[in-house]
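What follows is one structure encoded as structure tokens, with my remarks underneath.
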Amino acid sequence: MSLPPGFLDELRTRVSIAQVIGRSVTWDLRKSNQGKGDFWGPCPFHQEKTASFHVDDRKGFYYCFGCHAKGDMVTFLRESQNMGFMEAVETLAQEAGMAMPARDPGERQRADRRSQLIEVMEQAVRYYRMQLMGGQAEEARAYLDRRGLNDAQREAWGIGFAPDTRRGLFDHLTQAGVAQDLIIEAGLCARPDDGGAPYDRFRGRIMFPIRDARDRCIAFGGRAMAENARAKYLNSPETPLFDKGRTLYNIGPARAAMGKGTPLIVAEGYMDVIALVEAGFKGAVAPLGTAITEDQLRLLWRLSDEPVVALDGDTAGLRAGHRLADLALPLISAGHTLRFVLLPGGQDPDDLLRASGTTAMRQLIDRAVPLAKLLWEREIDGQVFDSPERRAALDVRLRALIDRLQDPNLREHYAEEFRQQRRTLFRSGGEPFTKGGAGKWQPGKRKGAPEPSLPGTRGSLLAAGTGEVGEDLRILSILSVLAAHPPLMAQFDDALFEMETRRPDLQDLQRALLRISHQTPPPEAEALARDLGDLLARHLTLPYLQTLPLRRARSDRHEAQKFLEHELGVLAATQGGLRETLEAMEQITHLADEGLTWRLEQANAERERALRIPFTESTDDSDTTSPDGETVLDRLINQQVWVKKPRSGPQ
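Counted the way the numbering used here counts, the sequence shown spans residues 1 to 651.
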């Protein structure tokens, strides 16, 4: 719905921003000059004791000199109470006594129908509340007593009871004049397949109203009292009011709490949420009977950048956490992720709070583990990595997780995280490699710069490679030299693991080498070539690899090591520079500043600097080098032989 011209201006003249914000902020009367519309107080958006938050009531704007939050009254409601734009406007319009612009007739009719359904739901809330006080609810009240919910808390959460009668609610509502079609459309009752009289959907259950962000009842969840009930928990069906895949229990109060710096905690069920909120964790929510959906994840991220998922401390809880981690992996970004808490001893949040208190829960939330750690622990749990094959299988699984990430920068950080965890878990006999200065790869135990190239090694075979094809040539050369010198693979296994390849055939060769990189003793080059078969052989016949003597099994190993150090360094610099450039370009479309320009300049400079570092391998093939020192492969890459040239016609 669009707003007519001047509507917001009229709204701002009728409502005082100081009055709106004053409901959340205590003004500093010594610093404020209320007669001039000048108000100061502590900022509601960050923790502080000084009055650095300024409101200009005459201009209708606020600004914090601490955290730099700023905006008008609509912005304040959106940021402090996590409202949508139109919701904030409607709230202010009601306060100002202004009617919202009329909707089109179809929209008005749908809104009227929704209003009728919501009123039916509220009547059901009152009916269930009344039934909780009756004789049939004695067992239900005893259960709530055992869970520590007193009468005031039951009232606050609207908890009621559905008696075990077939038409109790239906008869109550129809006698109050509610139409049958409304009762059924609201999901409160259902018709049998044979077309008989409608019956109550909820019977013999403790009832929990499910409310939307505006505190309107849109559905119910019911816990069965009978031990042999087919479903312990039952939710309302999908209705015009209720889409369980897009709704969270306690979403409204949790959204309001987010504006006060409260952590957003995702629990499993209604009682967990109630227990957390009553213990002071006001930002608790729960999905509704099913695993969290993508829509619910996005809803959580609108409330908090890092929701904390509280997992029940049993096998089922951990499995639920793993499923959620897999769902979230392609969706996370630098600003949106998840953290996880696995509760001890098979407990749920309600159990823990009653047994150990609020302090224990707060400590667990403060120590919540990041998503990457949860995934790592899943991949190694209960396994023994006592063979090269098992370690290589772990590498393949980790690489598959990294490949599911959509953000290139995040992929790099996940690769680094897994590399560090992997190094801690097991170390190979060779030296692990780490990123050194200027994009080079150097042994982890080696200090200072790499040894200088040998006298005959100037002007790298691949140094002039540009673009994706040039990068593929560099990767192929690295893989072929590693295959020709298996003893070097353990030394370069970290670099091999982190190397980003685009072509499927190169990825297959990379995975194959990873699987045997920890083999002790390393295989002979000839045996490895036979095992790799066509994965390697189809590449070795390519003309540009014929110019690379180091891909031969009997070439000098020391020369091959220096070649790999150099080429992996260049590859790391070019791929890292590209990632930095892409990230900066993405951000610069939103906010161009000197910092982003500097990042682009540094990324390009780093790439150019890496490409200028000379290296060639010594060779006895006199026909591979021209008089000016350029190799055949240099010429192939410089001339971009893979690009089809236009056919020259007669002059």
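For every residue, glycine included, the Cβ atom is placed at its ideal position computed from N, Cα and C. Note that the coordinates shown come from a computational prediction; the quantities given were computed from them, not determined experimentally.
message = Assuming the contact rule is C-beta atoms closer than 8 Å, R230 and Q296 should be a hit. Round their C-beta distance to whole Å, please.
response = By 1-based counting over the sequence shown, the position of residue 230 is 230. By 1-based counting over the sequence shown, the position of residue 296 is 296. About 26 Å separates the beta carbons of R230 and Q296, which is beyond the 8 Å limit, so they are not a contact pair.
key: Whole runs of the alpha helix (DSSP H) within the segment 335-398, excluding any shorter than 4 residues   = List check, alpha helix (DSSP H) in window: 349-356, 358-366, 371-380.
query = When you compare each of P486, A310, G158 to P523 by their alpha carbons, which one comes out closest?
reply = Within the sequence shown, residue 523 is the residue found at index 523, counting from 1. Looking at the Cα atoms, P486 is the closest of the given residues.
The beta strand (DSSP E) enclosing G252, as first and last residue numbers = The residue you call residue 252 lines up with position 252 of the sequence shown. Segment 251-258 is the alpha helix (DSSP H) holding G252; no beta strand (DSSP E) there.
ask   = Using 8 Å as the threshold, is the segment 336-343 in touch with the segment 377-388, meaning 3 or more CB pairs across them?
value = Verdict: no, contact absent.
ask   = Where R14 and K59 are concerned, what is the direct C-alpha to C-alpha distance, given to the nearest angstrom?
value = Within the sequence shown, numbered from 1, the residue matching residue 14 stands at position 14. Within the sequence shown, numbered from 1, the residue matching residue 59 stands at position 59. Each residue's Cα considered, the two are about 13 Å apart.
ask   = Quick one: what does DSSP say G470 is sitting in, helix, strand or coil?
value = Taking the first residue of the sequence shown as position 1, residue 470 is located at position 470. Helix.
key: For V25, three-class secondary structure by DSSP   = In the sequence shown, residue 25 corresponds to position 25, counting from 1. Residue state, collapsed to three classes: coil.
request  = Look at the alpha carbon of I475 and the alpha carbon of A537, and state the distance between them as a whole number of angstroms.
outcome  = If you number the sequence shown from 1, residue 475 lands on position 475. If you number the sequence shown from 1, residue 537 lands on position 537. Straight-line Cα distance between these residues: approximately 16 Å.
request  = Flag this pair as touching only if the segment 395-411 and the segment 501-515 have three or more C-beta atom pairs under 8 Å; answer yes or no.
outcome  = Short answer: they touch.
query = To which residues does DSSP link H54 through a beta bridge?
reply = Stepping through the sequence shown from its first residue, residue 54 is reached at position 54. DSSP, once it has assigned bridges, lists W40, Y63 as partnering H54.
request  = Compute the Euclidean distance between the alpha carbons of G160 and L324, then round it to the nearest angstrom.
outcome  = Translated into the one-based positions of the sequence shown, residue 160 becomes position 160. Translated into the one-based positions of the sequence shown, residue 324 becomes position 324. Their Cα atoms are separated by approximately 31 Å.
query = Start and end of the alpha helix (DSSP H) containing F220?
reply = Locating residue 220 in the sequence shown gives position 220, where the first residue counts as 1. Looking at the DSSP string, F220 is not in any alpha helix (DSSP H); the run it does join, the beta strand (DSSP E), is 217-224.
message = Buried or exposed, going by whether 16 or more other CB atoms sit within 10 Å of the CB of L169?
response = Residue numbering aside, residue 169 sits at position 169 when the sequence shown is read from its first letter. Buried, by the Cβ-count rule.
inquiry  = Quick check: what's the CA-CA separation for L692 versus L329?
reply    = Residue 692 falls outside the range modelled here, since the chain spans only 1 to 651, and no answer is possible.
ask   = What are the boundary residues of the beta strand (DSSP E) that includes I206?
value = Locating residue 206 in the sequence shown gives position 206, where the first residue counts as 1. Its beta strand (DSSP E) spans residues 205-211.
ask   = Are at least three pairs of beta-carbons, each pair with one atom in the segment 296-308 and one in the segment 258-272, less than 8 Å apart?
value = Output reads yes: the segment 258-272 touches the segment 296-308.
inquiry  = To the nearest angstrom, how far is the alpha carbon of E654 from that of T293?
reply    = Coverage of the chain is limited to positions 1 through 651, which leaves residue 654 absent and any answer about it impossible.
inquiry  = As an exercise, report each continuous beta strand (DSSP E) stretch of at least 3 residues that is fully enclosed by the segment 117-161, in chain order.
reply    = The segment 117-161 contains no whole beta strand (DSSP E) run of 3 or more residues.
key: Residue burial classification, H68 (beta-carbon count within 10 angstroms, cutoff 16)   = Within the sequence shown, numbered from 1, the residue matching residue 68 stands at position 68. Around the beta carbon of H68, fewer than 16 other beta carbons sit within 10 angstroms, so the residue counts as exposed.
Segment limits, alpha helix (DSSP H) that includes L169 = The residue labelled residue 169 in the question sits at position 169 within the sequence shown. Taken as a continuous stretch (DSSP letters only), the alpha helix (DSSP H) holding L169 covers 168-175.
inquiry  = Taking only three categories from DSSP, how would you classify A495?
reply    = The residue you call residue 495 lines up with position 495 of the sequence shown. DSSP places A495 in helix when its eight states are reduced to three.
query = From what residue to what residue does the beta strand (DSSP E) around N409 run?
reply = Here the question's residue 409 lines up with position 409 in the sequence shown. According to the DSSP assignment, N409 belongs to no beta strand (DSSP E) but to the alpha helix (DSSP H) extending over 408-425.
Bridge-paired residues (DSSP) for I265 = Here residue 265 refers to the residue found at position 265 when the sequence shown is read from its first residue. Beta-bridge annotation (DSSP): I265 is paired with A284, V308.
key: Between the CA atoms of L571 and E594 - distance to the nearest angstrom   = Numbered from its first residue, the sequence shown carries residue 594 at position 594. Numbered from its first residue, the sequence shown carries residue 571 at position 571. Only weak support is given to the placement of E594: the predicted model assigns it a pLDDT of 48, under 50, and the value that follows is read from those uncertain coordinates. The alpha-carbon of E594 is positioned some 27 Å away from that of L571.
inquiry  = So, at 7 Å on beta carbons, what are the nonlocal neighbours of R201 in its own chain, with the 5 sequence-adjacent residues on each side left out?
reply    = Counting from 1 along the sequence shown, the entry for residue 201 is found at position 201. Excluding sequence neighbours, R201 sits near G187, L188, C189, A190.
task = Give every residue of the same chain whose Cβ lies closer than 7 Å to the Cβ of E278, excluding the five residues on either side of it in the sequence, and list them in chain order.
result = On the sequence shown, position 278 is the one that residue 278 refers to. Close CB contacts of E278 within its chain, under the 7 Å cut and outside five residues either way in sequence, are with Q153 (chain order).
ask   = Any chance the segment 200-219 sits against the segment 236-245, with 3 or more Cβ pairs inside 8 Å?
value = Yes, they touch.
request  = Keeping to the same chain, check which residues put their C-beta closer than 8 Å to that of M361; ignore five residues upstream and five downstream.
outcome  = Here residue 361 corresponds to residue number 361 of the sequence shown, with the count starting at 1. Answer for M361: L276, A279, F281, P349, L352, L353, listed in chain order.
ask   = Hey, G321 and L331: beta-carbon distance below 8 Å or not?
value = To locate residue 321, count along the sequence shown from 1; it is residue 321. To locate residue 331, count along the sequence shown from 1; it is residue 331. No.
query = If we ignore side chains and look at the alpha-carbon of each, how far apart do A197 and I184 end up?
reply = Translated into the one-based positions of the sequence shown, residue 197 becomes position 197. Translated into the one-based positions of the sequence shown, residue 184 becomes position 184. Straight-line spacing of the CA atoms in A197 and I184 works out to 11 Å.
query = When burial is assigned at 16 or more other CB atoms within 10 Å of the CB, is A334 buried or exposed?
reply = Residue mapping note: residue 334 aligns to position 334 of the sequence shown, counting from 1. Here A334 is exposed. Its C-beta has fewer than 16 other C-beta atoms within 10 Å.
task = Using three-state DSSP, classify A229 as helix, strand or coil.
result = Taking the first residue of the sequence shown as position 1, residue 229 is located at position 229. It is coil, neither helix nor strand.
query = What first and last residue would you give for the alpha helix (DSSP H) that runs through S80?
reply = In the sequence shown, counting from the first residue as 1, residue 80 sits at position 80. 73-81 is the extent of the alpha helix (DSSP H) around S80.
request  = Return the residue from the list S32, H46, V384, T75 that minimises the CA-CA distance to H54.
outcome  = Reading the sequence shown from its first residue, position 54 is the one you call residue 54. Comparing Cα-Cα distances from H54 to each of S32, H46, V384, T75, the minimum goes to S32.
ask   = The alpha helix (DSSP H) spanning T315 covers which residue range?
value = As a first step, residue 315 must be located in the sequence shown, where it is residue number 315. Start and end: 315-328.
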